[in-house]
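What follows is one structure encoded as structure tokens, with my remarks underneath.
In the numbering used here, the protein residues as written are 2 to 201.
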């Protein structure tokens, strides 16, 4: 029997948001004998995927991300570091093209900074090792107030970044990744449902 782990944060008004982002609101209304909800949220609300267009303004939008990037083998790596550089990653990437970083932030329900983030050196090392998709349980893949170098490094080769995962119940190891963002036409990113298939 196949077993799956949900690595998605619940999307609600209590969802962790990066300062300045839209706080999700959901208004449920009864109409003509059924319920329907009106939602307000940003393209980077909750667990979400960044497309290259997010930082590169190049037209490679979230609706154009290839499925073979978003679905496939994945490695979850745990690190206690707040600054995740090359030294935290060396010897842990062999053969991996999709990597999720499990940190202490998974159990957080409020925004705090500094949060765990890749350094520019760490991002360059991941790309150099052939990693195409990088995810984190933190609000952003790079430190608050950074200049976008980490995002651009990861996204330029046609990669994708997943942020605000919930990996609190996901042990380090090998999984099958299913990471499907909303198919927003022209979107720089989109909320996503992230599921990990546990190997037999």
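Every residue, glycine too, gets a C-beta built ideally from N, C-alpha and C.
Which first and last residues belong to the alpha helix (DSSP H) in which residue i is found?
{"i": "residue 124", "result": "121-129"}
{"i": "residue 202", "result": "Since the first and last residues shown for the chain are 2 and 201, residue 202 lies out of range."}
{"i": "residue 57", "result": "54-57"}
{"i": "residue 151", "result": "150-156"}
On the DSSP bridge list, what partners appear for residue i?
{"i": "residue 181", "result": "194"}
{"i": "residue 41", "result": "26"}
{"i": "residue 49", "result": "164, 192"}
{"i": "residue 97", "result": "Bridge partners of residue 97: none, in fact."}
{"i": "residue 134", "result": "99, 161"}
{"i": "residue 174", "result": "77"}
{"i": "residue 118", "result": "84"}
{"i": "residue 31", "result": "36"}
{"i": "residue 15", "result": "Per DSSP, none; premise fails for residue 15."}
{"i": "residue 237", "result": "Because the chain is modelled from 2 through 201, residue 237 falls outside the range shown and cannot be assessed."}
{"i": "residue 199", "result": "4"}
Given 8 Å as the limit, tell me if residue i has its C-beta closer than that to any heavy atom belonging to the ligand ATP.
{"i": "residue 102", "result": "With respect to the ligand ATP, the structure shown offers nothing to examine, as it has no ligands at all."}
Cβ atoms of residue j and residue i: under 9 Å apart, would you say?
{"i": "residue 199", "j": "residue 51", "result": "no"}
{"i": "residue 117", "j": "residue 104", "result": "yes"}
{"i": "residue 94", "j": "residue 127", "result": "yes"}
{"i": "residue 99", "j": "residue 134", "result": "yes"}
{"i": "residue 22", "j": "residue 194", "result": "no"}
{"i": "residue 172", "j": "residue 78", "result": "no"}
{"i": "residue 38", "j": "residue 18", "result": "no"}
{"i": "residue 191", "j": "residue 151", "result": "no"}
{"i": "residue 145", "j": "residue 20", "result": "yes"}
{"i": "residue 41", "j": "residue 9", "result": "no"}
{"i": "residue 44", "j": "residue 188", "result": "yes"}
List the endpoints of the continuous beta strand (DSSP E) containing residue i.
{"i": "residue 69", "result": "First-last for residue 69: 68-71, but that is the alpha helix (DSSP H), not the beta strand (DSSP E)."}
{"i": "residue 4", "result": "4-7"}
* Asked: For the region 54-63 against the region 80-92, are there 3 or more C-beta pairs whose distance is under 8 Å?
  -> Three or more Cβ pairs closer than 8 Å define a contact, and the region 54-63 falls short of that threshold against the region 80-92.
* Asked: Counting pairs of Cβ atoms below 8 Å between the region 124-142 and the region 152-166, do you hit three or more?
  -> The way I'd put it, the region 124-142 does touch the region 152-166; three or more beta-carbon pairs between them come closer than 8 Å.
* For the region 66-73 against the region 175-195, are there 3 or more C-beta pairs whose distance is under 8 Å? -> Enough Cβ pairs lie closer than 8 Å, so yes.
* Specify whether the region 42-57 and the region 146-163 touch according to this definition: at least 3 beta carbon pairs, one from each stretch, less than 8 Å apart. => Short answer: they touch.
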